[in-house]
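These notes are about the structure you will find just below.
Numbering (my numbering), first residue to last: 56 to 304.
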């Protein structure tokens, strides 16, 4: 199906939606010297795509004009992500939910100027920001300390993060941290957070196991100015008495 497309050397944009394209089909893209934007969309990731090998995905690195890759429908492996293009022309790369996060983070560090999206959430390392995808696991946080200039970390909404994962954040220089809907996190996890002394803003909304015991931990944060506590078990009056300089929402 794509033999003819590969001959359109001036084609600048190409998007597949609910289209079956195998690895051999993608190889025909190598002739698209002018292709700047490529998209592979499908709501149910992988239904219309096979599990592409790294040799197959490497075709994108052969496209000299490529600046935007939407790989939402591709069930990429870590090895395949490692073959994606790394250059100043890359402005945006989008991945689907379920793609391994660690190789995405490693790739993002090679192109900090580019906007990285996992699912619907986007971020740029050049702006000091990372948004972790839904259902992120504790182990996905293990390399965050090595990310240069990381100032803001936000969870897109997770129920899988536990106290053990928050221990990986100790040693970062975060100013903003959102743990929205991390309902397995307890006061023990907030004790880990209290060691991020640069923290200024903390979102604990719907962290339903966090209690007044965390107030003492939060007192260890000299720069803390804002805490969102809706859905926790923190008493607002007790919080205000202990941290009068901090706004609780």
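Glycine included, C-beta positions come from ideal geometry on N, C-alpha and C. Bear in mind the structure is a predicted one, so any value in this text is a computation, not a measurement.
Asked: For residue 223, three-class secondary structure by DSSP; Found: helix
Asked: Length of the line joining the Cα atoms of residue 283 and residue 122; Found: 38 Å
Asked: Through-space distance from residue 65 to residue 80, alpha-carbon basis; Found: 19 Å
Asked: Same chain, Cβ closer than 8 Å to residue 242, neighbours up to 5 away in sequence not counted; Found: 264, 265, 266, 268, 269, 272
Asked: Assigned secondary structure, residue 254 (DSSP; H/G/I helix, E/B strand, else coil); Found: coil
Asked: Buried or exposed by the 16-neighbour rule on C-beta atoms within 10 Å, applied to residue 107; Found: buried
Asked: Which of helix, strand or coil DSSP assigns to residue 150; Found: strand
Asked: Cβ-Cβ distance between residue 223 and residue 187 below 8 Å; Found: no
Asked: Among 77, 215, 229, 237, nearest to residue 262 - alpha-carbon criterion; Found: 237
Asked: Separation of residue 148 from residue 98, as counted between CA atoms; Found: The predicted position of residue 98 is uncertain, since its pLDDT is 47 and thus under 50; a value taken from the coordinates is nonetheless stated next. Their backbone Cα atoms lie some 17 Å apart in a straight line.
Asked: Where the alpha helix (DSSP H) through residue 294 begins and ends; Found: 291 to 297
Asked: Residue burial classification, residue 210 (beta-carbon count within 10 angstroms, cutoff 16); Found: buried
Asked: Neighbour-count burial assignment, residue 287, 16 or more Cβ in a 10 Å radius; Found: buried
Asked: Under 8 Å between C-beta atoms of residue 120 and residue 157; Found: no
Asked: Among 192, 138, 141, nearest to residue 152 - alpha-carbon criterion; Found: 192
Asked: Boundaries (first-last residue) of the alpha helix (DSSP H) holding residue 237; Found: Counting along the chain, residue 237 falls outside any alpha helix (DSSP H), and DSSP gives it neither H nor E.
Asked: Nearest-angstrom Cα separation, counted from residue 198 out to residue 63; Found: 42 Å
Asked: Which of helix, strand or coil DSSP assigns to residue 69; Found: strand
Asked: Proximity below 8 Å, CB of residue 202 to CB of residue 221; Found: no
Asked: Neighbour-count burial assignment, residue 72, 16 or more Cβ in a 10 Å radius; Found: exposed
Asked: Residue 177 - containing beta strand (DSSP E), residue span; Found: 176 to 178
Asked: Cβ-Cβ distance between residue 205 and residue 227 below 8 Å; Found: yes
Asked: Host alpha helix (DSSP H) of residue 112 (start-end); Found: 109 to 112
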